[in-house]
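For the first sequence, position 42 (counting from the first letter as 1) is numbered 60 according to my numbering, and the numbering increases by one without interruption. Glycine included, every Cβ here is placed at the ideal spot set by N, Cα and C. A short worksheet on the structure shown next.
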Amino acid sequence: MTTLYIGNLPFSATSDLLRHIFEQVGTVRSAKIITEVETGRSKGFGFIEMATSTEATEAISRFNGDTYDGRVVTVSDSRDRK
DNA sequence: TATGAGCGT
């Protein structure tokens, strides 16, 4: 399994929306948008877990640099959670 | 209620 970092998302984006986007290139094991604890609103970035590294690589090449709601999103391998 | 660089309860 490979975890992807999705950055520069519009605040209107949801984990469900991310999941649907990444399902276009493979199996989404999990989708999560990070939200502010104090406000419950999106921090503008999130994480996607793909079933295989092949699908993850495909997702990066397809979606990195794409524009959603006027914002150019970043898609890349995530770093390890500490 | 709030926000724009960032790698997660």
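- Rounded to whole angstroms, the gap between the alpha carbons of S33 and M19 is 18 Å.
- DSSP assignment within the region 62-99 yields the following whole alpha helix (DSSP H) runs of 4 residues or more, N-terminal first: 71-81.
- If you draw a straight line from the Cα of S71 to the Cα of D95, it is about 10 Å long.
- At least 7 Å separates the beta-carbon of G64 from that of I78.
- Assignment of S33 by DSSP, reduced to helix, strand and coil, places it in the helix class.
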